[in-house]
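In order, the protein sequence lines correspond to chains A and S. All residue numbers for the first sequence refer to the working numbering, where the first residue is 1 and numbers rise by one. All residue numbers for the second sequence refer to the working numbering, where the first residue is 1001 and numbers rise by one. Each residue gets a CB set at the ideal place from its N, CA and C atoms; glycine is no exception. The structure displayed is predicted, hence computed values, not measured ones. One structure is given here, and the rest of the page talks about it.
2 protein chains.
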Amino acid sequence: MDLRTSYQQTTHQLSGHGKRNVGVLQRAFEQADPEQTSDHYGTGEVIEQFEQKLATRLGTEAAVFFPSGTMAQQIALRIWSDKTGNRSVAYHPLCHLEIHEQDGLRQLHHLEPLLIGGADRLMTLEEVKALPDVACLLVELPQRELGGYLPPFDELEAISRHCRDRGIHLHLDGARLFETLPYYEKTAEEVCALFDSVYVSFYKGIGGVAGAILGGPKAFCDEARIWKRRYGGDLIGLYPYITPADYYYELRKDRMGTYYEHAKALATRFNALDGVWTTPDVPVTNMFHLHMNGDAETVSNWIERVQTETGIGITGYVVPHDGHCSTEISVGDAFLDIDTSRLDKLFEVLSHQQ
Amino acid sequence: MDLRTSYQQTTHQLSGHGKRNVGVLQRAFEQADPEQTSDHYGTGEVIEQFEQKLATRLGTEAAVFFPSGTMAQQIALRIWSDKTGNRSVAYHPLCHLEIHEQDGLRQLHHLEPLLIGGADRLMTLEEVKALPDVACLLVELPQRELGGYLPPFDELEAISRHCRDRGIHLHLDGARLFETLPYYEKTAEEVCALFDSVYVSFYKGIGGVAGAILGGPKAFCDEARIWKRRYGGDLIGLYPYITPADYYYELRKDRMGTYYEHAKALATRFNALDGVWTTPDVPVTNMFHLHMNGDAETVSNWIERVQTETGIGITGYVVPHDGHCSTEISVGDAFLDIDTSRLDKLFEVLSHQQ
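Structure, rendered in structure tokens:
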């Protein structure tokens, strides 16, 4: 059996909100009124109410629902670029736009990204200060590909002040914004106030089916709607994503502190194992990277045996590095379903099977 | 009461498949297995099976599911443009890309469309022959904004031969492809064989929620998948559109002949009224334009009175022209729910209320 298959056959998982299956959609629509009219190319009650709710939550003048964050963020950077007449934008080398979008930003918009920060660390205030003139700086909170690091809030404030002084628009890749709030001890509005535009996702910590919100000033959002049409994202009906986004947002928006506390406790237990460590060492959100000494085969076999014996899924993949392997853990509702004795058993087996 | 409101309050409608509401989604998922795994960024059973089914139906080597036709068609033209190193493409002045997409093709791809045909007629073979070198010619079957005209099939064959001889790629905007088959007395495969690439929609005659298929050679489809990722259309789960597309495709794919016959009969009855006519005079698909003498206020008031008295919805809008107004009729399942006596009553009231 391979690692992916053994993961799929587990009854419990450390990460996520349970399996991504049709039931996720069906549950969200169980109580929905069949007579509720579809949204219609960006208009109508279902989309306008959700956009307004999120604009209020984020403290932005307006908000636009998008099928994806990829679409929303490229558009945000394009708008700030057009506004400043500057084709340069800056972001971290592990930014979603740089590594997961088939170079869409360059291919569709001919924008020139400047990479700032390191492949193993966040960007610093000093690096931001050393930037040449750029239209926009994108900051991702938390930096997902690093395992979920966050800059201290006062550093974020300093970055924001600096960008405002320089006339650099600051965009928040807040795919996991709600997940940052327990550590920052801030409201979403307080974090977003540091930025000119913000994107949040509805299928990470929230666990919806897909979809994103882009928030910002009204003129920015009006322009974003035009680009959404140009991209073919202004569908005749986006309610199949909006209704689940709203349903799971209401269900989980207040659980982020719980996920965060569990992530910290879980990381402590992993760090107590020989040859195993996490980054961050102490998580600052619900997520962290888990590193295990050994080559891919050794580590995969180990995890596979543990998953088969305990029924608890740790991961379906590992990424090999020099002498160790890594994977991502992201605590959600699935973790809450694992009782203490089962979890104790997992760590007992983990330590014995090494 | 305005025309739109009076239309929304009708119990029956001449056009469509009933109201576009949440029930459309719920019905499609009623029998779906909650354990069915979501597709995952373009992979997985639910998306691959549907793509394969449509590739077989269209006779194309491969097919890609897209959230929208806007996205699919811009990408098709871009691929043919890149392949030929030619930034010119040709299409009708009332093409969806020209009038409904906020100029996405130019803004995102810097392609140069040449408009061919007239605002009141299809393009001709002679016009196609007079084209300069272009990467791609897009032909829409039926030409929706004209009320649903089709060229004779032998003219289409001649256009196809000419384009192949010239090295011009021929792309089919087949948003309503299935609706053309009863008139052409051809299979979808036979029509698509004349084209290099083809797009079909799943929310027009099929009546799904949204979504499109782009079919073509395997290398073309592989490239389309990369562009889909660049656009942010490669969602983590497209099943909320795929499952309804498949459900309503199976439900309605064999009803296109019925819709077509009803459209012809309905047009005959409208054409028998004073100051009322249709284009085409005899429909060639399930759709036609309905024209009524009078200014917008007179015509709107007339239709509103008729709708209120009969409970049958004709339309929610009219477009004023010089001395007359127009609207679109598109026969679907809703028409099948209107019994003969109700329909007789409609035309009786229409003739008396004029």
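- Closest in C-alpha terms to A/D337, from the list A/D2, A/H262, A/Q36, A/I47, comes A/H262.
- Under the three-state reduction of DSSP, S/Q1031 is assigned to coil, being neither helix nor strand.
- Using a Cβ-Cβ cut-off of 9 Å, A/E179 does not count as an interface residue toward chain S, since no Cβ of chain S sits closer than that to its own.
- Segment contact: the stretch 99-110 of chain A against the stretch 287-300 of chain A, fewer than three CB-CB distances shorter than 8 Å; contact not assigned.
- With contact defined as three or more Cβ pairs closer than 8 Å, the stretch 122-139 of chain A and the stretch 156-170 of chain A are in contact.
- Among the residues facing chain S, A/S6 is not included, as its CB has no counterpart in that chain under 9 Å away.
- Bounds of the alpha helix (DSSP H) holding S/T1310 are 1296-1310.
- DSSP, reduced to helix, strand and coil, places A/P182 within a helical segment of the structure shown.
- If you draw a straight line from the Cα of A/L235 to the Cα of A/K345, it is about 48 Å long.
- For the stretch 23-38 of chain A, the residues whose beta carbon sits under 7 Å from a beta carbon of chain S are, in order, G23, L25, Q26, F29, A32, D33, P34, E35, Q36, T37, S38.
- Taking a contact as a CB-CB distance under 8 Å, the pair S/N1271 and S/T1278 counts as one, their CB atoms being some 6 Å apart.
- Per DSSP, the unbroken beta strand (DSSP E) holding S/S1088 starts and ends at 1088-1091.
- The beta carbon of S/V1209 falls within 9 Å of a beta carbon belonging to chain A, placing the residue at that interface.
- Near chain S, meaning a CB-to-CB distance below 7 Å, the residues of the stretch 178-204 of chain A are Y203.
- Residue contact with chain S for A/W80: absent (no Cβ-Cβ distance below 9 Å to any residue of chain S).
- Here the stretch 1070-1090 of chain S makes no contact with the stretch 1237-1245 of chain S; the two share fewer than three CB pairs at distances below 8 Å.
- For A/L138, there is no enclosing alpha helix (DSSP H); the enclosing beta strand (DSSP E) has its first and last residue at 136-140.
- Shown here, A/F335 sits in a helix according to DSSP, grouped into three states.
- Runs of the alpha helix (DSSP H) lying entirely within the stretch 219-287 of chain A, each at least 4 residues long, are 239-252, 256-271 in chain order.
- For A/H109, there is no enclosing beta strand (DSSP E); the residue is found in the alpha helix (DSSP H) stretching over 104-109.
- When Cβ-Cβ separations below 9 Å define contact, A/S160 makes no contact with chain S.
- A direct Cα-Cα distance of roughly 8 Å separates A/E190 from A/G59.
- Under DSSP, A/L114 shares a beta bridge with A/A90.
- Among the residues facing chain S, A/M71 is included, as its CB has a counterpart in that chain under 9 Å away.
- Along the stretch 335-346 of chain A, there is no position whose C-beta sits under 9 Å from a C-beta of chain S.
- Burial of S/M1256 is indicated by the presence of at least 16 other C-beta atoms within 10 angstroms of its C-beta.
- For A/H352, the uninterrupted alpha helix (DSSP H) segment begins and ends at 340-353.
- Look at A/I303: its C-beta is not under 9 Å from any C-beta on chain S.
- Short of 6 Å from the beta carbon of A/Q13, and not among the five residues preceding or following it, lie these beta carbons of its own chain, in chain order: G313, A334.
- The C-alpha of A/P320 is placed about 14 Å away from the C-alpha of A/I303.
- When 9 Å is used as the limit between beta carbons, A/P113 is near no residue of chain S, the shortest such separation being about 14 Å.
- The stretch 1203-1217 of chain S makes contact with the stretch 1016-1027 of chain S: 3 or more CB pairs, one atom from each, lie closer than 8 Å.
- Annotation: the continuous beta strand (DSSP E) that includes S/H1324 extends over 1324-1330.
- For chain S, none of the residues of the stretch 134-157 of chain A brings a beta carbon within less than 7 Å of one of its beta carbons.
- A/L3 and A/Q307 have their alpha carbons spaced roughly 9 Å apart.
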